[in-house]
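Scroll down for the structure; my scribbles are underneath it.
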Amino acid sequence: MEIKKTSLNKLHQKHGAKFVEFAGYEMPIQYSKGIVEEHKFTRSNAGIFDVSHMGQLFIYGDEELTKDLEKIFPLDLKNLKLNSSKYSFLMNDDAGIYDDLIITRIDKGYLIILNAACKDNDFKILSNLLKDRYEMNLNEKKSLIAIQGPKSADILESILIGVNKLSFMNGNWFKYKNQKVYVTRSGYTGEDGFEVSILNDFAEEFTKNLTDNGAELIGLGARDTLRLEAGLCLYGHELGEDKTPIEANLKWAISKQRIANGGFIGSDKIMKQINEGTNQIRVGVKPEGRLIAREKTKIFNEAELVIGEITSGTFGPSVSGPVAMGYIEKKYSKKDTKIFLEVRGKKYPASICGLPFYKKSYVKGATK
Amino acid sequence: MSDVKFSKEHEWIILEGDVATIGITKHATEMLGDIVFAELPEKGSNVEKDGTAGVVESTKAASDVYTPVSGEVLDTNQAIVDDPSKINEDPEGSAWFFKLKMKDISELDSLMNKDEYDKFAKENAS
Numbered sequence: 000m001e002i003k004k005t006s007l008n009k010l011h012q013k014h015g016a017k018f019v020e021f022a023g024y025e026m027p028i029q030y031s032k033g034i035v036e037e038h039k040f041t042r043s044n045a046g047i048f049d050v051s052h053m054g055q056l057f058i059y060g061d062e063e064l065t066k067d068l069e070k071i072f073p074l075d076l077k078n079l080k081l082n083s084s085k086y087s088f089l090m091n092d093d094a095g096i097y098d099d100l101i102i103t104r105i106d107k108g109y110l111i112i113l114n115a116a117c118k119d120n121d122f123k124i125l126s127n128l129l130k131d132r133y134e135m136n137l138n139e140k141k142s143l144i145a146i147q148g149p150k151s152a153d154i155l156e157s158i159l160i161g162v163n164k165l166s167f168m169n170g171n172w173f174k175y176k177n178q179k180v181y182v183t184r185s186g187y188t189g190e191d192g193f194e195v196s197i198l199n200d201f202a203e204e205f206t207k208n209l210t211d212n213g214a215e216l217i218g219l220g221a222r223d224t225l226r227l228e229a230g231l232c233l234y235g236h237e238l239g240e241d242k243t244p245i246e247a248n249l250k251w252a253i254s255k256q257r258i259a260n261g262g263f264i265g266s267d268k269i270m271k272q273i274n275e276g277t278n279q280i281r282v283g284v285k286p287e288g289r290l291i292a293r294e295k296t297k298i299f300n301e302a303e304l305v306i307g308e309i310t311s312g313t314f315g316p317s318v319s320g321p322v323a324m325g326y327i328e329k330k331y332s333k334k335d336t337k338i339f340l341e342v343r344g345k346k347y348p349a350s351i352c353g354l355p356f357y358k359k360s361y362v363k364g365a366t367k
Numbered sequence: 000m001s002d003v004k005f006s007k008e009h010e011w012i013i014l015e016g017d018v019a020t021i022g023i024t025k026h027a028t029e030m031l032g033d034i035v036f037a038e039l040p041e042k043g044s045n046v047e048k049d050g051t052a053g054v055v056e057s058t059k060a061a062s063d064v065y066t067p068v069s070g071e072v073l074d075t076n077q078a079i080v081d082d083p084s085k086i087n088e089d090p091e092g093s094a095w096f097f098k099l100k101m102k103d104i105s106e107l108d109s110l111m112n113k114d115e116y117d118k119f120a121k122e123n124a125s
């Protein structure tokens, strides 16, 4: 299969990108400054992320659509206000996660942002579940550009007047030249930020506008270290069909009213796990010293029994030390529990820690 | 002091008497990206030509460090363990990895000189 390129590909090249293949797309892993500098720049200034490989699924319909989507997602969509966003999951009957996503109520329907590697499968699953009764469009004509970091609001405001008034997990239409672009205040770095959905033809020019105003392009490498420091899950690592939202410690994302009444795909398993507990749970792991524990590193207890596995691990540039997440048997999941990580055949000490590693600075004020 | 020699695994080596100082090349650091972890062989241990003699990790991945010659480890550079970013800053200078007492000086013969290595690195650049 031919590798796909986003509308910003040429711009990435101009900025010295090193490319990797990610979910069938040629994407920048880093630019000339490198992952650590890019990471720190995002935390102190404003980083631009090309996330156009992600799926932008538009579904249009009336009240019936809301009812049908509530049979799929564990959300109180009836009470989701226009332009409000929620983090959620597409699950199988056993509450295993096909994908994690952000769903936003838009005029006459919903916009769902899907992971690149999952989007085609998600589309099939959703078309099937909705029995093709609604207009559904996995939009390939639009790019998705995130701007993240403490200066992102000021920079974006200078281009799209009014975005500064958005509260976290809310969106709206803004005017760019003679175009309408959809902007949400959201992101996946632990910083205040925005995601801009814009027609491909305008994406490069818009991004140049951002760089002219002081923001810099940031690659997928720093995106990963940023989200890991922020304690955020990455599909294929912390999340997958063999994990449920309860095991992933994401119960907060399931609407309370839906937990009480069920009626969504996977709800039986979710309610069972809430009542009876789970064997394993996602935790933060802090290795001692500078040791980096990567995905698939085995976790041991003091009696040298395997009690879990790391799902992501790297060096956190903002916390100046190693950071990791993984799944562990529930009884070892308490904060500060001593554990051991097997790296290159040797066991090294580590402890369970709270998440995030790096404190978020989202702009509050969003309606629940 | 001999000329600097290079291995296909992107180590450099320089000999003074029978003591070799070994590190990784600038080209290697450029391929690895930001180095955030370094592990070195133990002082007093013996390492074999082309065997592993340490690890470096970037934010992305771990890579073994190989020794281009055999010998006894006389000294290691603790400064790069304490601050691995030094490896990116000065890989072919102050950020050396370890010093070996060489067993067989002729092991150097199979290694590349600077011109040969530069050509090799250019052809193998990812």
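Those sequence lines, one after another, are chains R and E.
Numbering follows numbering that gives the first Met the number 0, in which position 351 of the first sequence is assigned residue number 350; successive positions increment by one, without gaps.
Numbering follows numbering that gives the first Met the number 0, in which position 29 of the second sequence is assigned residue number 28; successive positions increment by one, without gaps.
C-beta atoms are modelled at their ideal positions from N, C-alpha and C, and glycine is treated no differently.
Cross-chain neighbours of residue 59(E) in chain R, by beta carbon under 9 Å: For residue 59(E), the residues of chain R that pass the 9 Å Cβ criterion are 28, 29, 34, 220, 223 and 313, in the order they occur in the chain.
How would you list, in chain order, the residues of chain E whose beta-carbon sits under 8 Å from the beta-carbon of residue 291(R)? The answer, in chain order, is 35, 36, 56 and 61.
Using CA atoms only, rank isn't needed, just tell me which of 38(E), 65(E), 56(E) and 14(E) is closest to residue 155(E). Any question about residue 155(E) goes unanswered here, given that chain E covers just 0 to 125.
So, is the C-beta of residue 343(R) closer than 8 Å to a C-beta in chain E? Interface flag for residue 343(R) against chain E is set, since a Cβ pair is found closer than 8 Å.
How about residue 155(R) and residue 187(R): are their beta carbons less than 8 Å apart? No.
Taking 8 Å as the cut-off, decide whether the C-beta atoms of residue 217(R) and residue 339(R) are in contact. No. Outside cutoff.
Cutting at 6 Å between CB atoms, please list the residues of its own chain near residue 29(R), excluding the five before and the five after it. Contacts found: 17, 218 and 220.
Is residue 142(R) buried or exposed, if buried means 16 or more other CB atoms sit within 10 Å of its CB? With 16 or more Cβ atoms within 10 Å of its Cβ, residue 142(R) is classed as buried.
State the Cα-Cα distance for the pair residue 12(E) and residue 49(E), rounded to the nearest angstrom. Distance from the CA of residue 12(E) to the CA of residue 49(E), rounded to the nearest whole angstrom, comes to 13 Å.
Does the Cβ-Cβ distance between residue 101(E) and residue 31(E) come in under 8 Å? Not a contact, by the Cβ cut-off of 8 Å.
Using a Cβ cut-off of 7 Å, pull out every chain R residue sitting near residue 50(E), in sequence order please. Contact of residue 50(E) with chain R by beta-carbon distance below 7 Å is absent, the smallest such distance being about 14 Å.
Beta-carbon proximity of residue 89(R) to residue 100(R), cut-off 8 Å: The beta carbons of residue 89(R) and residue 100(R) sit closer together than 8 Å.
According to DSSP, simplified to helix, strand and coil, what is residue 223(R)? DSSP places residue 223(R) in helix when its eight states are reduced to three.
Per-residue burial, residue 120(E) [other beta carbons within 10 Å of its own, 16 or more giving buried]: Residue 120(E) comes out buried.
Endpoints, beta strand (DSSP E) assigned at residue 349(R): Looking at the DSSP string, the run of the beta strand (DSSP E) that includes residue 349(R) is 345-352.
Which residues bound the beta strand (DSSP E) around residue 250(R)? First-last for residue 250(R): undefined, no H or E at that position.
If you draw a straight line from the C-alpha of residue 191(R) to the C-alpha of residue 151(R), how long is it? Between residue 191(R) and residue 151(R), the C-alpha separation is close to 7 Å.
Can a CB atom of chain R be found closer than 8 Å to the CB of residue 53(E)? No, residue 53(E) lies away from the interface with chain R (no Cβ there is under 8 Å from its Cβ).
Quick one: which residues of the segment 7-41 of chain E get their C-beta closer than 9 Å to a C-beta of chain R? List them in chain order. Residues 32, 33, 35, 36, 37 and 38.
Cα separation between residue 25(E) and residue 122(E)? Taking the straight line joining both Cα atoms gives about 15 Å.
So, does the segment 228-245 of chain R touch the segment 51-71 of chain R, judging by three or more C-beta pairs under 8 Å? Contact fails: fewer than three Cβ-Cβ distances are below 8 Å.
For the putative contact between residue 283(R) and residue 351(R), defined by C-beta atoms under 8 Å, what is the C-beta separation to the nearest angstrom? 7 Å between Cβ atoms; contact.
According to the neighbour-count rule (16 or more other Cβ atoms, all chains shown, within 10 Å of its Cβ), is residue 162(R) buried or exposed? Residue 162(R) is buried by the Cβ-count criterion.
Buried or exposed by the 16-neighbour rule on C-beta atoms within 10 Å, applied to residue 15(R): With fewer than 16 Cβ atoms within 10 Å of its Cβ, residue 15(R) is classed as exposed.
With a threshold of 16 other CB atoms inside 10 Å of the CB of residue 87(E), please say whether the residue is buried or exposed. Buried, by the Cβ-count rule.
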